[in-house]
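Each residue of the sequence shown is one higher than the one before, counting from 0 in numbering that gives the first Met the number 0.
The beta carbon of each residue, even a glycine, is placed where N, CA and C say it ideally should be.
Quick caveat, the model's predicted, so the values are computed rather than measured.
What follows is one structure encoded as structure tokens, with my remarks underneath.
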Amino acid sequence: MLNSKMAAEGGGKEMNEIKTQFTTREGVYKLLTHSEYSRPNRVPFNSQGSNPVKVSFVNVNDQSGNGDRICFNVGRELYFYIYKGVRKAADLSKPIDKRIYKGTQPTCHDFNHLTATAESVSLLVGFSAGQVQLIDPIKKETSKLFNEERLIDKSRVTCVKWVPGSESLFLVSHASGNMYLYNVEHTCGTTAPHYQLLKQGENYSVHTCKSKSTRNPLLKWTVGEGALNEFAFSPDGKFLACVSQDGFLRVFNFDAVELHGTMKSYFGGLLCVCWSPDGKYIVAGGEDDLVTVWSFLDCRVIARGHGHKSWVSVVAFDHYTTSMEESDPMEFSGSDEDFQDQMLHFGRDRANSTQSRLSKRNSTDSRPVSVTYRFGSVGQDTQLCLWDLTEDILFPHLPLSRTRTHTNVMNATSPPAGATIITNTSSNATNGNNSGANTPGINSLSTSLPRSNSLPHSAATTATANNTNKASSGGGIGSGIMDSAIATGVSKFATLSLHDRKERHHEKDHKRNHSMGHISSKSSDKLNLLTKTKTDPAKTLGTLLCPRMEDVPLLEPLICKKIAHERLTVLIFLEDCLVTACQEGFICTWARPGKVGLLSSQNQASSPSGTVV
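Shown next, in the form of structure tokens:
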């Protein structure tokens, strides 16, 4: 059915023909050939053995109104350009900064949007040998190199991101399955770090760095089995979603270092993850060729999407096409105040988060307004898919008079036989009377509550938390938790907020042999063996962790188009365009409907021969 649909969209042309435009209900999206970014010579990159091409954007708010900047890596090279998008053609002859590395390759990067100005930007770059570099491509400076001697972790950096709301904290994941929290103000030390247990849970453990003086890393997370492929912070910065090679999505309360929920892929590893703009849903993709939609509130899979013919490498929500309900965030009280107070030394200002902007009440109607979440995916099959997550999936209990789509709904509301819906990590969280008082910072809503009025807006909602979520700057952010942890004694933290999880389905690891990453101490090595359990992944099929295909709705893509010769590695939605990139090193801009005229008129004025395909 999918093939016939795509063939009809392609007008009977060959399926392997690369598309330069596609149509959705909003109109026609068009590829802007003049806005293509690549290496200056535009020669396709020989991608054999190279790390994926990645793209990062930042706006520096310069007075010219052209404040967008783009960074991308191709092989051993890293480029930093002014990004002109749909406004003007790309000028590849004038990179602001270009770097070529020897002995290692860039694997990922991230800008600090808080500190970016027209004169200076802070860019983190992760490398294949495990190091992380802090550079300023405007000043063309290299300020610091973290894990320089590879004493912290010897494996490839898979993802690096600034902690939301922080000018100095950043998080790094590795192919070893470990994540590390750093502070740019602190050094990494000249010897391998020694660790002390902070928190241990179901297939994860968190350690602090045992040292007389504060040093990096502040925290070490060991998550799941095999590589930790990607992580993403929730829009409010309070939760962290991680996807691993063992096929698990794990969602943590980041401040409380507590597991909120898990999901297992249908098959193989999970490679990518993203949050909806309001933080209610998480989409993951990977080696099962599927996109899987997971409800943050219900901690369960609510839909899967099938359209790709190979591994899904990137998933992303389109904030500009998504339309959502409006409702008040629900408040919950927390406990274990001592622990919460200590963890809140992370102190990040979240007042301007997407979550708060999306959580205003619709005063005229308590029922949800029309809701559609748009997200996209790209894969190794060189195809771009766009998806709509609509009301018939999100609110299956509402009357049939509501607008319906063509989405294939199959037993959308019933969990598999014998499955228990678990909404938090506490063992008594499945009854409808739980108020959340026993689990700080984690939703414990009853599943009987209508999902249309529920928001995952519960982390650190005590008065203490509200008072401490104020703007904090620079080096003081990360040192607070470390200093207090050392002073109070880590043993105290290790005993707090650990819950019996007898009612919870045990997570199962995918049948693969993965090498463990570099671990500096024998004690932590033993702990890793204790916290990682190898069991039969087939036993998760048909449970809440991994429902059978017939037990959840199956989404069909709005469009599914081949747009590149090589596997796709980037998908980013911007206000007037979407950006894709392939492993050949070509970064493509697709104008949204009605936006293509901006560039074509510019080109016609400067170059009569300029055309837009």
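Three-way DSSP call (helix, strand, coil) for residue i in this model
i    : result
T404 : Annotation note: pLDDT 41 at T404 (below 50); position unreliable, no value reported.
E390 : helix
T539 : helix
E184 : coil
E574 : coil
E286 : coil
D550 : helix
V595 : helix
C271 : strand
V85  : coil
Y319 : coil
T207 : strand
P276 : coil
H564 : coil
W293 : strand
S369 : coil
S243 : strand
L253 : According to the sequence as given, residue 253 is Phe; it is not Leu. The answer is coil: DSSP assigns F253 none of H, G, I, E or B.
Q195 : strand
A231 : strand
L91  : coil
C384 : strand
Beta carbon of residue i nearer than 8 Å to that of residue j
i    : j    : result
S127 : R155 : yes
I301 : A240 : no
L270 : V250 : no
L170 : K160 : yes
Q379 : V52  : no
Y82  : F56  : yes
F374 : D317 : yes
Q195 : T207 : yes
P556 : W293 : no
P136 : F79  : yes
K101 : G129 : no
Proximal residues to residue i (C-beta, below 6 Å), its chain only, five neighbours per side dropped
i    : result
S233 : W274, G278
Q132 : V124, L144
L113 : E166
D67  : N58, Y82
E25  : P592
T141 : I134
G200 : L258
Y203 : V222
A283 : V242, L248, L269, V272, T291
S34  : A89, T588
R299 : L543
Y319 : E574
E619 : There is no way to answer for residue 619, as the model of the chain reaches only from 0 to 612.
Assumed close pair residue i, residue j - CB separation to whole angstroms, cut-off 8 Å
i    : j    : result
G268 : E286 : 5 Å
L197 : L218 : 7 Å
L567 : V377 : 4 Å
H656 : C384 : Any answer about residue 656 is impossible in this case: the structure gives the chain only from 0 up to 612.
N177 : W220 : 6 Å
E76  : R41  : In fact, because the Cβ distance is near 14 Å, the residues do not count as touching under 8 Å.
E224 : D245 : 4 Å
Y265 : T321 : The Cβ separation is near 25 Å, so there is no contact.
Cβ neighbours of residue i in the same chain (closer than 8 Å, five flanking residues each side left out)
i    : result
V54  : I69, C70, F71, V569, I571, V578, A580, I586
T157 : T106, C107, G125, S172, H173, A174, A226, L227, N228, E229
K138 : E118, S119
Y28  : Q20, F21, T22, L577, W589, A590, R591, P592
D61  : A117
I558 : E8, F21, T22, T23, L383, C384, L385
Cβ shell of residue i (< 7 Å), same chain only, five flanking positions each side left out
i    : result
G74  : F44, S49, Q104
K18  : K560, K561, I562
I151 : Y179, C187, P192, P216
A315 : C273, F374, G375, L570, I571, F572
K521 : Reliability of the predicted coordinates at K521 is poor, the pLDDT of 38 falling under 50, and the value obtained from them is presented with this limitation in mind. Excluding residues within five positions, none has a Cβ falling inside 7 Å.
L30  : T19, Q20, C587, W589, V612
* To do: Taking 8 Å as the threshold, find out whether the region 90-98 comes into contact with the region 575-593 through three or more Cβ pairs.
  => They do not touch, by the three-pair rule.
* **Contact the region 310-318 vs the region 287-300: 3+ CB pairs below 8 Å** => Yes, the region 310-318 touches the region 287-300.
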